[in-house]
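K.L.:
Straight run, no breaks: the sequence shown in the UniProt record's numbering ends on number 120.
Backbone N, C-alpha and C define an ideal beta-carbon position, used for all residues, glycine too.
This structure is in structure tokens; I'll ask about it shortly.
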Amino acid sequence: MASNLTVFLGGGRKQLVKTTPAMILRQVVNIVCEKQNYTEPESYGLKSGKNFLDLSLSIRYANIAPGAKLELVKIPKDDSAPKSVNIALQLESGERMIQLFAITTTLWDVLLGFEKLSNG
1 MASNLTVFLG GGRKQLVKTT PAMILRQVVN IVCEKQNYTE PESYGLKSGK NFLDLSLSIR
61 YANIAPGAKL ELVKIPKDDS APKSVNIALQ LESGERMIQL FAITTTLWDV LLGFEKLSNG
């Protein structure tokens, strides 16, 4: 059961995309970017009203009606994201240890870091 979506691109331009209920929203973005010769489709997202849509969902699960009007928007890069986090570990004795870790640190490395802190 095919339907159409209208994707607004800004500047008064729009793109009609033929879809199926099982089509993933990421595919819709890829189709629009390909037709508009946008080079980085991963840097674009879809908005319905004021809400960003989850591009991993199918059209059916995103509750998008046939003939819906969506907006293609450039996703802002979040350079303000933290590079490190404070992690606290409370022991059975009631002692609480706090240490700063990079956000790329694995859980195992966090536990090893706390072990060094308690032994050192």
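#1: Looking at the secondary structure, which residues open and close the beta strand (DSSP E) in which Gly113 lies?
#2: Should Val85 be labelled buried (16 or more other beta-carbon atoms within 10 Å of its own) or exposed?
#3: Looking only at its own chain, which residues have a Cβ that is under 6 Å from the Cβ of Arg26, when we skip the five neighbours before and after it?
#4: Just confirm the distance between the C-beta atoms of Lys35 and Leu70, as a whole number of angstroms; I'd bet it's less than 8 Å.
#5: Could you please give me the residues that DSSP links to Ile87 through a beta bridge?
#6: In or out: Met97 buried (at least 16 other Cβ within 10 Å) or exposed?
#7: Between Ile24, Lys77, Ala88, Leu72, which has its C-alpha nearest Arg60's C-alpha?
#8: Leaving out five residues before and five after Leu89 in sequence, what residues of the same chain have Cβ atoms less than 6 Å from its Cβ?
#9: Let me confirm a value: Gly12 is counted as buried when at least 16 other C-beta atoms fall within 10 Å, else exposed. Which label applies?
P.N.:
With the given structure in hand:
#1: Looking at the DSSP string, Gly113 is not in any beta strand (DSSP E); the run it does join, the alpha helix (DSSP H), is 107 to 119.
#2: exposed
#3: Leu55
#4: The pair is not a contact, with the Cβ atoms about 15 Å apart (cut-off 8 Å).
#5: Gln99
#6: exposed
#7: Ile24
#8: Met97, Phe114
#9: exposed
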